[in-house]
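Everything in the sequence shown is counted per our numbering, starting at 2 for the first residue and increasing by one. Notes follow the structure.
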Amino acid sequence: MTPTRTLSWDWYPGAIPDNVTVDETAFVETAFSFFLYRSERPEGVRIGRGASTYLGTMFDVGARGRVTLGDYALVHGARIVCDAEVAIGDYALISWNVVLMDTYRLPFDATERRRELERVAWRKQRVFAPASEARPIHVERNVWIGFDSCVLPGVRIGRGAVVGARSVVTEDVPPYAVVAGNPARVIRRLDPEGGDDRVP
Ligand SMILES: CC(C)(COP(=O)(O)OP(=O)(O)OC[C@H]1O[C@@H](n2cnc3c(N)ncnc32)[C@H](O)[C@@H]1OP(=O)(O)O)[C@@H](O)C(=O)NCCC(=O)NCCS
């Protein structure tokens, strides 16, 4: 990152926001990933050692939101919708078109939703006001999430678990489980002894 917080290889002319911490060994492909970023927290995003975010990754983070990306975690084009907290652990691997959302943002009531659509049309930033309580998402260490999957508010995906492509994860996933489908269900279990738990 340059002293003005731009990226020398970037096609997009924007800068990385001041309250985003990027480890000097991490890779951010483009500052466009922060086009929807509005966090006002002291540190709204932290990207760890050796971690990477590639083209297509979008930090859609509201004023109170905070996203952390652990060491050597890799996000290959996910949309992270965050009004509270999305914590992604070390060595997590998140494939393309994955959506992690800790909030639905819009009201369930049809009349309220119509009013919000009317209001957003006149807002300068054209973003929805949070309408439902956000519930943090935790993606633990060494998790692998397949492409086109969706992780809903409040979900914790346990260490070493695998989420199959195009899954909708509606509830917690136990450590070392392989889940798939909509809603995602356990299809088999991995052996913790043979994997991540042996590594410090
Ligand atoms: C989840 C995954 C890893 C499981 O692989 P696997 O353990 O070899 O699973 P199998 O192919 O033996 O399938 C086991 C069962 O789960 C089902 N299944 C597997 N993946 C599924 C998926 N993504 N969605 C729904 N069902 C799935 C299979 O149909 C099979 O069902 P059956 O027992 O009724 O026949 C793999 O299917 C997958 O989705 N990989 C995605 C990888 C990816 O996104 N890569 C992007 C690059 S990072």
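The beta carbon of each residue, even a glycine, is placed where N, CA and C say it ideally should be. Please read all numbers here as calculations on a predicted model, not as lab measurements.
Measuring from the CB of Gly165, is there a heavy atom of ligand 1 at a distance below 7 Å? As a first step, residue 165 is located in the sequence shown; it is residue number 164 there, counting from the start. At least one heavy atom of ligand 1 is found less than 7 Å from the C-beta of Gly165.
DSSP three-state label for Val21, please. Your numbering for residue 21 matches position 20 in the sequence shown. Val21 falls in the strand class under three-state DSSP.
Please determine, among Phe148, Ala93, Arg127, the residue with the shortest C-alpha to C-alpha distance to Pro176. In the sequence shown, counting from the first residue as 1, residue 176 sits at position 175. Checking every option, the nearest Cα to that of Pro176 belongs to Ala93.
In the DSSP output, which residue or residues are listed as bridge partners for Asp61? Within the sequence shown, the letter at position 60 stands for residue 61. According to the DSSP secondary-structure assignment, Asp61 is paired through a beta bridge with Val82.
Using DSSP with H/G/I as helix, E/B as strand and the rest coil, what is Ser53? On the sequence shown, position 52 is the one that residue 53 refers to. Assigned with DSSP and collapsed to three states, Ser53 falls in strand.
Assign Leu178 to one of three DSSP states: helix, strand, or coil. Position 177 of the sequence shown holds residue 178. Residue identity differs from the one stated: residue 178 is Ala in this sequence, not Leu. In this structure, Ala178 counts as strand in the three-state DSSP scheme.
Three-state secondary structure assigned by DSSP to Leu118: As a first step, residue 118 must be located in the sequence shown, where it is residue number 117. DSSP places Leu118 in helix when its eight states are reduced to three.
Enclosing beta strand (DSSP E) for His139 [first to last residue]: As a working note, residue 139 is residue 138 in the sequence shown. Taken as a continuous stretch (DSSP letters only), the beta strand (DSSP E) holding His139 covers 138-140.
Compute the beta-carbon to beta-carbon distance between Ile95 and Leu75, rounded to the nearest angstrom, for a pair I have assumed lies under 8 Å. Position 94 of the sequence shown holds residue 95. Position 74 of the sequence shown holds residue 75. Indeed they touch by this definition, with Cβ atoms about 7 Å apart.
My understanding is that Gly71 touches Trp97, with C-beta atoms under 8 Å, so please give their C-beta distance in whole angstroms. Counting from one through the sequence shown, the residue named residue 71 turns up at place 70. Counting from one through the sequence shown, the residue named residue 97 turns up at place 96. With 8 Å as the limit, Gly71 and Trp97 do not qualify as a contact, their Cβ atoms being about 19 Å apart.
If you drop the 5 nearest sequence neighbours on each side, which residues of the same chain put their C-beta closer than 6 Å to that of Thr26? What you label residue 26 is simply residue 25 of the sequence shown in a count that begins at 1. These residues qualify, in order along the chain: Arg50, Gly51.
Beta carbon of Val121 nearer than 8 Å to that of Met102: In the sequence shown, the residue the question calls residue 121 occupies position 120. In the sequence shown, the residue the question calls residue 102 occupies position 101. No, they are not a contact pair.
Distance check for Asp84 and Gly63, CA to CA, integer angstroms please. The residue labelled residue 63 in the question sits at position 62 within the sequence shown. The residue labelled residue 84 in the question sits at position 83 within the sequence shown. Their Cα atoms are separated by approximately 5 Å.
Can you have a look at Val187 and say buried or exposed, based on whether 16 or more other CB atoms are within 10 angstroms of its CB? For the purposes of this step, residue 187 is identified with residue 186 of the sequence shown, where counting begins at 1. Val187 comes out exposed.
Nonlocal neighbours in the same chain, by C-beta distance under 8 Å from Asp173, ignoring five residues either side: As a working mapping, residue 173 is identified with position 172 in the sequence shown. Excluding sequence positions up to five before and after Asp173, its CB lies within less than 8 Å of the CB of Val156, Arg157, Ile158, Gly159, all in the same chain and listed in chain order.
Arg127 beta carbon less than 8 Å from that of Ser150: Here residue 150 is taken as the residue at index 149 of the sequence shown, counted from 1. Here residue 127 is taken as the residue at index 126 of the sequence shown, counted from 1. Contact flag unset, no.
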